[in-house]
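If you count by my numbering, then the sequence shown holds residues 44 to 435, one letter each, in order.
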Amino acid sequence: MTRSPKPSGTMSLHAEVARLKATGVDIISFAVGELDVNSPDSAKRAAIKAIDENFTRYTVSDGIAELRQEIARSLSAETGQNFAMEQIIVSNGSKQASFNLLAAVLNRGDEVIIPSPYFPSHLRQVELLGATPVLLETALSDDFQIKPDLLKSLVTDKTKVLLLNSPHNPTGAVYTLETLSGVAEIVKEKDILLLSDEVYLGLVFPPAEEHSMLKLFPELKSNFLIAGGFSKSFAMTGWRVGFAAGPLEIIEAAGIIQSNTTTNVCSISQKAALAALQEEPDFVKKLLPELISKRDTALKILNSINGLECLVPSGAFYLFPLITKFLGKTYDGNKVETSQDIASYLLRKHGLAVVPGESFGAPGFIRLNFSICQTDLQKGLKRLKDGLEQLQ
Ligand code: GLU
């Protein structure tokens with residue numbers, strides 16, 4: 044018997060776009076979540092050096108000591124807590140980090156609370172481990188902030204983990220101080236684990252502020268697990284470098300899981316990530332003005348589409364408009380009933396790839412990655428506007 048795993052919606056669409064592009068179809072993709080900038084030069088240089096110096100063999104499964112130390116130093120500075128190297132494992136992207144952490148703590152039947160809309164793989168990872176995802180609904184009308192009372196009502200004696208992600212994929216929300224304080228109270232009172240997926244660290248647009256929960260609530264340290272990575276903040280998606288951090292016992296268990304499944308992250312990528320962190324720690328900060336300008340260009344066009352509603356994202360690089368007003372309309376005699384139908388229509392008829400909200404547990408929405416070049420951004424948004432306005 045298999046567990047019938049479901050595919051990751053974001054990655055399957057990415058594959059479909061690649062397939063269509065390879066056949067020569069003109070597609071503008073707002074689909075997969077990655078920045079439209081090159082990886083740091085320091086990372087590229089270090090990788091070339093690593094190859095030239097034949098740094099091409101297994102490393103320790105948990106990752107090279109220099110990188111674990113550097114991540115520990117950076118986390119200590121961010122959180123005001125002392126992280127030791129032994130509390131860090133270098134993993135294959137933050138996705139593997141969250142999976143290993145969840146695998147280390149979950150037993151069958153345990154419940155994991157996940158704010159919804161959610162990142163698809165968070166839900167799937169919990170399911171793959173035989174645990175139960177419990178969705179904590181958030182709404183556009185609340186700027187997708189968590190309501191602490193609702194969170195509290197979902198905690199049962201089976202709840203093991205609350206899985207947070209801020210800046211948030213797919214909504215672009217960044218949790219406010221008020222939200223985080225409410226959440227921290229409940230985590231403390233109910234003594235559950237908090238897994239913080241921080242892969243979008245630093246991608247926060249003023250006046251929104253980025254708060255380190257551990258810095259604000261140091262008493263959470265024994266409950267706090269981090270899945271972080273270099274994919275988004277250092278534009279290093281393809282290198283696959285992430286990390287898991289947390290209490291020693293849990294990290295040791297996650298390390299054993301990794302050593303029995305994938306062993307170390309690519310040795311060359313580890314050297315690249317180390318150089319990026321040491322030499323260009325502010326890489327992400329420099330990207331913010333351009334991202335804000337792209338966000339604002341995109342919002343201007345979205346707001347000119349009658350019937351569409353969208354949160355002004357405070358972080359990450361996604362727009363998550365509500366498109367329910369267009370459901371029930373038709374094109375060429377076909378009715379679009381769902382955001383999945385709208386996404387298929389946009390792809391087939393207008394050469395535009397967007398991720399349907401269903402992938403994130405949020406029917407009625409679509410997700411657009413706005414970190415693409417200005418020309419394609421404007422062209423793609425025009426296709427979106429035309430596409431939606433041509434529905435009858
Ligand atoms: N996190 C990115 C996204 O949401 C990459 C896809 C994935 O890793 O599933 O598009």
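C-beta atoms are modelled at their ideal positions from N, C-alpha and C, and glycine is treated no differently.
Within the same chain, Cβ atoms closer than 6 Å to the Cβ of lysine 368 are found at Gly350, the five residues on either side in sequence being excluded. Excluding the 5 residues flanking it on each side, glutamate 380 has same chain C-beta neighbours closer than 8 Å at Leu370 and Gly371, in chain order. Going by C-alpha positions, tyrosine 101 is about 39 Å away from valine 397. For alanine 58, the distance from the CB to the nearest heavy atom of the ligand GLU is not below 8 Å. Placement of the Cβ of glutamate 170 at a distance of 8 Å or more from every heavy atom of the ligand GLU is found. Along the stretch 217-292, the alpha helix (DSSP H) occurs as fully enclosed runs of 4 or more residues at 220-233 and 256-259, listed in sequence order. Not a single heavy atom of the ligand GLU lies less than 8 Å from the C-beta of alanine 270.
The distance from the Cβ of isoleucine 366 to that of isoleucine 415 is about 20 Å, inconsistent with a contact at the 8 Å cut-off. In this structure, isoleucine 229 places its C-beta atom within 9 Å of the C-beta atom of lysine 195.
The DSSP assignment places no complete run of the beta strand (DSSP E) inside the stretch 354-395 (cut-off: 3 residues).
With a cutoff of 8 Å, threonine 53 counts as near the ligand GLU, since its C-beta is closer than that to a heavy atom of the ligand. At a Cβ-Cβ threshold of 9 Å, valine 133 and phenylalanine 363 do not count as neighbours.
Within a 10 Å sphere around the beta-carbon of proline 250 sit fewer than 16 other beta-carbons, which makes this residue exposed. For arginine 426, the three-state secondary structure derived from DSSP is helix. Taking C-beta separations shorter than 8 Å and ignoring five residues to either side along the sequence, the partners of threonine 99 in its chain run Ala93, Ser310 and Ile311, following chain order. Non-local C-beta neighbours of alanine 359 in its own chain, meaning closer than 7 Å and more than five positions away in sequence, comprise Pro210, His211, Asn212, Gly215, Tyr243 and Leu246, ordered along the chain. Sorting Arg116, Ser137 and Phe73 by C-alpha distance to the C-alpha of serine 276 places Ser137 at the top. Put simply, the stretch 138-151 touches the stretch 263-281. At least three CB pairs are less than 8 Å apart. Lysine 138 has its Cβ nearer than 8 Å to a heavy atom of the ligand GLU.
The ligand GLU has a heavy atom closer than 8 Å to the beta-carbon of alanine 74. In the DSSP assignment, serine 119 falls within the alpha helix (DSSP H) that extends over 108-122.
Asparagine 208 has its Cβ no nearer than 8 Å to any heavy atom of the ligand GLU. With respect to the C-alpha of glutamate 170, the residue from Asp153, Lys422, Asn412 and Lys378 having the closest C-alpha is Asp153. Residue Lys264 holds the alpha-carbon nearest to the alpha-carbon of glutamine 130 among Leu320, Glu401, Gly67 and Lys264. Cα atoms of glutamate 292 and glutamine 421: separation of roughly 49 Å, rounded to the nearest angstrom. A Cβ-Cβ distance of about 23 Å is found for the pair leucine 118 and leucine 149, leaving them out of contact under the 8 Å criterion.
Counting along the chain, the unbroken beta strand (DSSP E) around threonine 202 starts and ends at 202-208. In summary, lysine 378 is exposed, with fewer than 16 beta-carbon neighbours lying within 10 Å of its beta-carbon over all protein chains present. Rounded to whole angstroms, glycine 298 and glutamate 221 show a C-alpha spacing of 34 Å.
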